[in-house]
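One structure is given below, encoded as structure tokens.
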Amino acid sequence: MDLTVTTRDEGDVTVVTLAGEVDVFSAPTLRDEMSTVIARGGTRLLADLTDVPFLDSTGLGVLVGRLKTVRVQDGELRLVISSDRVLRNFQITGLDKVFRIYPTVEEGLADMTGER
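For the sequence shown, counting from 1, position 25 maps to 25 in the UniProt record's numbering; every step adds exactly one.
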């Protein structure tokens, strides 16, 4: 299954929507797309993984790498995860303590936009 990555701005938050599996083959696409957003000045990111049925360790690594990149710029990367299977990967690795995770985009945006 191919990965598609789309972005949209919601105020100063960029929503990065993923659809498809994030694995060793598609992770470079995710890395490149998120790096492009960051290079354009997007440092407040909400990654929507609602339509991601599978995410492997390579995908986790990309997300951690982009988190480090935006934090250096006083930014943030938060996640929307509705799949128990994908969420389990974050729980097993302890990354659910590193990322702020929301069940819906609306909740993530409300929290992020209410903070500033």
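All C-beta atoms, glycine included, are put in the ideal place defined by N, C-alpha and C.
Given the structure is predicted, the values throughout are model-derived calculations rather than measurements.
query	result
With contact counted as at least three CB pairs below 8 Å, one residue from each stretch, are the region 33-51 and the region 78-89 in contact?	yes
Measure the C-alpha to C-alpha separation of R116 and L109 and round it to an integer number of angstroms.	The pLDDT assigned to R116 is 48, lower than 50, so where the model puts this residue is not dependable; a value taken from the coordinates is nonetheless given after this. If you take the alpha carbons of R116 and L109, they lie about 11 Å apart.
On the premise that D23 lies in contact with G59, defined as a C-beta separation below 8 Å, what is that separation, rounded to the nearest angstrom?	7 Å
Please return the same chain residues whose Cβ sits closer than 8 Å to the Cβ of T29, not counting the five positions on each side in sequence.	L3, V5
Need the endpoints of the alpha helix (DSSP H) that E10 sits in, please.	From DSSP, E10 is part of no alpha helix (DSSP H) but of the beta strand (DSSP E) over 4-10.
D96 bridges to which residues according to DSSP?	According to DSSP, which records beta bridges pairwise, D96 is partnered with nothing at all.
Can you check DSSP and say which residues form a bridge with I101?	L79
Is R85 helix, strand or coil when you go by DSSP?	helix
When the Cα of L55 is compared with those of S82, E106, K68, D111, which residue comes out closest?	S82
Where do the ends of the alpha helix (DSSP H) carrying R31 lie?	27-39
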